[in-house]
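Remarks on the structure that follows.
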Amino acid sequence: MKKYLLIYNRKSGSDHISELIADLLPLYQEEGILLVPFCLNMGSKRDFLPLLEKGEFSGVLISGGDGSIRSVISFLIRNGIFLPIGILPAGTCNDLANSMGLPRNIMDAARIPLKGKTLKLDVGLVNGTHYFFSSCAGGYFMPATYETPAHAKKNIKQFAYYFKAATQPAAFRPYDFQITVDGVLHKMRGIMFGFATGSQIAGFSNILNEASLTDGKLDLFVIGDCSYLELPGILFNILRGNFTEQKHVRYFQGTSFRIDGPMNLPVVLDGDEGPALPLEVEIAPLHIEVFI
């Protein structure tokens, strides 16, 4: 019988994964797979590493939000564990899962690995040490992603971030950026930048329609110097699906980037607080294998 390790964050989102485990175990056992649960809230990632290093597991399932998923996959990569990964989305935005086209319901997503079909995905790498799997962004809006209370994220999902940011107009200001894309320097002023491996960022599925999880490239947008009153129009165009076509947005594709700017600029990686500028950002093509 095959063995899969289920690593879950029971505090993520409104779908309580711990309540679904009783349904998940027989679902997998019927298909000849022994599912072994591990709760991140009751132990360290170091605790499950010996289990995987023995070579007895054929796959890993991860249930949580984008931050939990980034943390676990990064840990697996750093320790040389490259088993197929199943994503059970249980967070606020679930950017990676939605870019992959996975079902939003956990039980439906849990059936995907049972098909046995896998795909290798690109991974973003910052300063040679920090991985991201959906987005890396900096500037305005960023503190809201890790300062927003958990109850607000559960109730109104990704819109909680924007309501939080809207209450902080004093933090709205442009920054001077020097952005190098595949060796070409671009100087500009803007309120934020964002890298993406796939088409969804911060819960919006149509920000970067050109982006692909498998094309060996990173997609970068910069929202230029605009007024606070112009922000609602920019957000409206995100919802309409023509975000990169508006005048305040610059869009780039490439494999290697450098971002220079204020060292105190807030930066997030997949929704969690990230390193300070400058950032060296690159693509690691087809670096992880996922069930899809």
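Those letters in the sequence shown? Residues 5 to 296, by our numbering. Virtual Cβ for every residue (Gly too), placed ideally from N, Cα, C. The structure displayed is predicted, hence computed values, not measured ones.
DSSP assignment within the region 222–253 yields the following whole alpha helix (DSSP H) runs of 4 residues or more, N-terminal first: 235–244. Taking C-beta separations shorter than 6 Å and ignoring five residues to either side along the sequence, the partners of F61 in its chain run K7, L9, following chain order. With fewer than 16 other Cβ atoms inside 10 Å of its own Cβ, S260 counts as exposed.
By the CB criterion at 8 Å, G143 and L269 fall inside the cutoff. Here I227 really is in contact with G194; their C-beta atoms are around 6 Å apart, less than 8 Å.
Residue burial annotation: F181 is buried, with at least 16 other C-beta atoms found within 10 angstroms of its C-beta. About 6 Å separates the Cβ atoms of I91 and L106, confirming a contact at the 8 Å cut-off. Secondary structure of F176 (DSSP, three-state): coil. In this structure, DSSP gives D219 a state outside helix and strand, which the three-state scheme calls coil. One alpha carbon belongs to R244, the other to V253, and they sit about 15 Å apart. For S67, the closest alpha carbon among the candidates E57, G275, I21, F197 is that of I21. The C-beta separation of L222 from T201 comes to about 7 Å, placing the pair in contact by the 8 Å criterion. E214 is the residue among E214, P236, A280, V271 whose C-alpha sits nearest the C-alpha of T248.
Taken atom to atom, the span from the alpha-carbon of L44 to that of H291 is near 24 Å. For R262, the secondary structure class from DSSP, reduced to helix, strand or coil, is strand. With contacts defined as CB atoms closer than 8 Å, I89 and F295 qualify as a contacting pair.
Using a Cβ distance threshold of 8 Å, D126 and P289 count as a contacting pair. E293: member of the beta strand (DSSP E) spanning 283–295, first to last residue.
From the listed residues Y32, L129, M267, the smallest Cα separation to G220 is found for L129. Secondary structure at L106: coil, using DSSP grouped into helix, strand and coil. Taking 8 Å as the cut-off, the Cβ atoms of R82 and F136 do not count as close. Nearest to V40 by C-alpha distance, out of E57, Y12, R50, is Y12. Going by C-alpha positions, G95 is about 20 Å away from G47.
Assignment of F181 by DSSP, reduced to helix, strand and coil, places it in the strand class. Of C97, M196, L28, G237, the smallest CA-CA separation from L65 is found for L28.
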